[in-house]
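*Asks:* Chains as they are written, first to last, in our numbering: chain E, 82 to 348; chain C, 60 to 608.
Structure (structure tokens):
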């Protein structure tokens, strides 16, 4: 009994070094230029999905984006993506100038066809909060941060389509130029709109019989010039229509749908 | 108890076998790297290390002897089994939302194989052993009966003769058909007297069947005898793969672990070239606080920091400066920090400021903003006493609206600050945007550190020999800031004596020592106050660093 167990033990102790020597020998015998010995081959084993087509050339060079331990380092993105003037000069995208944080929205390894751009308002709010704490130790920033976090904790959002996180953003900083209401409804778009699209499915236009159009709608500049008298009134055959009485000539289908004339577009 | 354990473990293994199919229900390529995915993965991996303990203790005699005093091997084995199944389930919950990387797929497969090998070894093997034992007892019984039957047959040669026909393979197969009819109902139990030839036949058949079954089971058993070794070897392969996976996760960056790379980028100043044109900063896109004084300090603070520039020389005087041209560009612009500061001030209710340091800091900031506003609205001007602002006295001109009322600089200074707060340092903190005013660090005043800020401000002034304090040791002249002379009434004691007492509190020991020893001999002089605007555009030398946020 003891003899056999001893034999077994010695066999194990013989086997282990043999395997180790075998592995090392195999490694040593492989030519150094073989793909087996390239770091990229091994790294590719861990790749969680292909890169988008724009980044495809970086596929086998993980270090072009990843920094050891730190992960995706924004400075590496900026090496190529700095000074994108058209992006930085547009109001809705100019926040990129000092956001300093790319990976939150530009998610990679989602396959060739995936274009890694998606506006994530919650991520923007998160980064903004982060910056309020990351920057200088200003008590005003800290105060604002705690105020916002407090607000977040209460879960305050103007309606169910907006998350409390999104609700702490100030819409007008980026979307002031999108405002079709000429700030008449204020600057807080999120009071009515959601972040995924501008249209509001719940909105129902007042009755087509309504005569209060001018309460919301503003006539184009041409209506305040001779054009109105010389063309508009004549085309619609409403010589006494006032500019504010939109419903006299227009219909709710669309503005060029003129009552009794049909689709009419002058220019 | 044992039966229950087996049921529970079998249930868990089945659950595990189903878990990896989770991606068919929920597909999320980023779950594994999220915080919750990470928690699942890390805790699962830690549980998967627990089974190692049993293996080590079992093989290390000394450790085993010492440990079994506290924990029985049975308990350790139970830990081994449960941790070895719950760990993989958690790990599969971590990874089962997608399968993309080769390493991930192999790791998952290996996890399943290792758990299955353990389960098969522990439960199925046992099943084989007990079954073989049971079958062997039955076989023994049957063989005994068979022997007896042989003896009886030997005593009845006519019956034995009957069997003669069935020697040979095909006849033997057919025997059951013929002999049974002859001996129907004869052998109801194996213990009754065996007289029928059919019984003998059937007995031999059963024995053959059993022997075959035992042989098959034993083949399985020998095949499985090596299971433990296989189990251990594949576990170690699994651990190696797990090590690679952890290395990869750490090397390529764990998403929820954030080193603060942001501040570094800003310091590198990648985008500062664009910063002046583009005002909506990210922090800007965060909603402002509801409370008006906070809103004021938020926007004024941002404006202040943004246009603050470090030390420059104007008219030979060293001073911190501001970019007034930049501030002037913000005047009248919707949503600029300047406009928001003005708007916030209009919302403030002066009666609700609280009376303490909060109110003091608020009015000091309001005064400074008002002076800045006068300069910005009338920019470019060489100084705040320029006739463009007011032909006689800029301090009596309505400068800023707080709440519903307009305030002049003089009103803020005399009717509010000096009347409510008996603090001579105030006159240093309120600045007419002039070169000779004290240098400002790059921050506005805050209630919670106001005292400290005021002290360092006065310290800073007396450390500046071009406008605050200069000693002529040969001629025994102490030259001081004009502000001390203008507001002499505020300092304790009369005339120069009160001024010197005040100064002594805010100068270095070297200076105060000199003043003390020569107090009776020194002559006090005052700098001429330079009202020039502390504007970066007027600087003789450009500031060294034009930092921007």
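Where is the CB? At the ideal position from N, CA and C, for every residue including glycine.
Small disclaimer: the values here were computed from a predicted structure and weren't measured.
Determine the burial state of residue 134/E: buried for a count of at least 16 other Cβ atoms within 10 Å of its Cβ, exposed for fewer.
*Replies:* Residue 134/E is exposed by the Cβ-count criterion.
*Asks:* According to DSSP, residue 367/C sits in a beta bridge with which residue or residues?
*Replies:* Answer is 381/C, bridged to residue 367/C.
*Asks:* Could you list the residues in the stretch 142-154 of chain E with a C-beta less than 8 angstroms from some C-beta on chain C, going in chain order?
*Replies:* Against chain C - using a Cβ distance shorter than 8 angstroms - the residues of the stretch 142-154 of chain E are 143, 147, 148, 149, 150, 151, 152, 153 and 154.
*Asks:* Can you tell which of 205/C, 362/C and 293/C has its C-alpha closest to the C-alpha of residue 384/C?
*Replies:* The shortest Cα separation from residue 384/C among 205/C, 362/C and 293/C belongs to 362/C.
*Asks:* Note down, in chain order, every chain A residue with its Cβ under 8 angstroms from the Cβ of residue 313/C.
*Replies:* Looking at the structure shown, chain A is missing, and the protein chains on hand are E and C.
*Asks:* Assuming contact is defined by CB atoms lying nearer than 8 angstroms, are residue 171/C and residue 304/C in contact in what I supplied?
*Replies:* No, Cβ-Cβ distance for residue 171/C and residue 304/C is not below 8 angstroms.
*Asks:* Could you work out which residue in 472/C, 446/C, 382/C and 448/C is closest to residue 424/C when comparing CA atoms only?
*Replies:* When only C-alpha atoms are compared, the closest one is 472/C.
*Asks:* Report, in whole angstroms, the separation of the C-beta atoms of residue 176/E and residue 255/E, which I expect to be a contact under 8 angstroms.
*Replies:* Sure, about 6 angstroms apart at Cβ, within 8 angstroms.
*Asks:* With distances taken between CB atoms, is the gap from residue 315/C to residue 94/C smaller than 8 angstroms?
*Replies:* For residue 315/C and residue 94/C, yes; Cβs fall inside 8 angstroms.
*Asks:* Restricting to Cα atoms, I'd like to know which of 197/E, 191/E, 196/E and 185/E is closest to residue 209/E.
*Replies:* With distances taken between Cα atoms, residue 209/E lies closest to 185/E.
*Asks:* For the alpha helix (DSSP H) containing residue 511/C, name the first residue and the last one.
*Replies:* 509-521 is the span of the alpha helix (DSSP H), which, as asked, contains residue 511/C.
*Asks:* Answer yes or no: do residue 297/E and residue 269/E have a C-beta to C-beta separation smaller than 8 angstroms?
*Replies:* No, these two residues do not count as a Cβ contact at 8 angstroms.
*Asks:* For residue 457/C, which three-state DSSP category applies?
*Replies:* Strand, per DSSP.
*Asks:* Beta-carbon separation of residue 246/E and residue 305/E under 8 angstroms?
*Replies:* Their beta carbons are not under 8 angstroms apart, which means residue 246/E does not touch residue 305/E by this criterion.
*Asks:* What is the rounded straight-line gap between the Cα of residue 190/E and the Cα of residue 164/C?
*Replies:* Residue 190/E and residue 164/C: Cα-Cα distance of roughly 16 angstroms.
*Asks:* Taking Cβ-Cβ distances below 9 angstroms as the criterion, which residues of the stretch 83-114 of chain C are in contact with chain E?
*Replies:* Of all residues in the stretch 83-114 of chain C, 88, 89, 91 and 92 have a Cβ within less than 9 angstroms of some Cβ in chain E.
*Asks:* Enumerate, from N- to C-terminal direction, the unbroken alpha helix (DSSP H) stretches of 4 or more residues contained entirely within the stretch 143-188 of chain E.
*Replies:* 155-162 and 166-169, all fully within the stretch 143-188 of chain E.
*Asks:* Measuring only the C-alpha atoms, how far is residue 440/C from residue 498/C?
*Replies:* Going by the C-alpha atoms only, they are around 20 angstroms apart.
*Asks:* Report all residues from its chain with a CB closer than 7 angstroms to the CB of residue 95/E; omit the five preceding and five following residues, and keep chain order.
*Replies:* Here the set comprises nothing.
*Asks:* Just mark residue 284/E as buried or exposed, buried being the case when its beta carbon has 16 or more other beta carbons within 10 Å.
*Replies:* So residue 284/E counts as exposed.
*Asks:* Would residue 439/C pass as an interface residue toward chain E - the criterion being a Cβ-Cβ separation below 8 angstroms?
*Replies:* With 8 angstroms as the cut-off, residue 439/C does not count as an interface residue toward chain E.
*Asks:* Count the C-beta pairs between the stretch 403-414 of chain C and the stretch 554-566 of chain C that are closer than 8 angstroms, then say yes if the count reaches three, no if not.
*Replies:* No: the two stretches stay apart, fewer than three of their Cβ pairs being nearer than 8 angstroms.
*Asks:* Does DSSP put residue 506/C in a helix, a strand or coil?
*Replies:* In this structure, residue 506/C counts as helix in the three-state DSSP scheme.
*Asks:* So residue 582/C is in the beta strand (DSSP E); what residue range does that whole segment cover?
*Replies:* Its beta strand (DSSP E) spans residues 582-585.
*Asks:* Is residue 159/C close to chain E? Criterion is C-beta to C-beta, closer than 8 angstroms.
*Replies:* By this cut-off, residue 159/C is an interface position.
*Asks:* Using only CA atoms, which one of 241/E, 107/E and 276/E lies nearest to residue 250/E?
*Replies:* When only C-alpha atoms are compared, the closest one is 276/E.
*Asks:* Grab me the residues of residue 372/E's own chain with a C-beta within less than 6 angstroms of its C-beta, minus the 5 sequence neighbours each way, in chain order.
*Replies:* No answer is possible for residue 372/E: the residues shown for chain E start at 82 and end at 348.
*Asks:* Note down, in chain order, every chain E residue with its Cβ under 9 angstroms from the Cβ of residue 357/C.
*Replies:* Correct list: 221, 222, 224 and 225.
*Asks:* Does the distance from the CB of residue 494/C to the CB of residue 530/C come in under 8 angstroms?
*Replies:* No, Cβ-Cβ distance for residue 494/C and residue 530/C is not below 8 angstroms.
*Asks:* So which of 124/C, 178/C and 129/C has the shortest CA-CA distance to residue 70/C?
*Replies:* Closest option to residue 70/C, Cα to Cα, is 178/C.
*Asks:* Quick check on DSSP: helix, strand or coil for residue 475/C?
*Replies:* Residue state, collapsed to three classes: helix.
*Asks:* According to DSSP, simplified to helix, strand and coil, what is residue 138/E?
*Replies:* Here residue 138/E sits in helix by DSSP.
*Asks:* Let me know if residue 359/C comes out buried or exposed under the rule of 16 or more other beta-carbons within 10 Å of its beta-carbon.
*Replies:* So residue 359/C ends up on the buried side.
*Asks:* Distance check for residue 501/C and residue 170/E, CA to CA, integer angstroms please.
*Replies:* Between residue 170/E and residue 501/C, the C-alpha separation is close to 28 angstroms.
*Asks:* Please go through the same chain and pick out, in chain order, the residues whose beta-carbon is closer than 7 angstroms to the beta-carbon of residue 187/E, but skip the five residues on each side of it.
*Replies:* Contacts found: 197 and 198.
*Asks:* Helix, strand or coil: how does DSSP classify residue 315/C here?
*Replies:* Of the three classes helix, strand and coil, the one that applies to residue 315/C here is coil, per DSSP.
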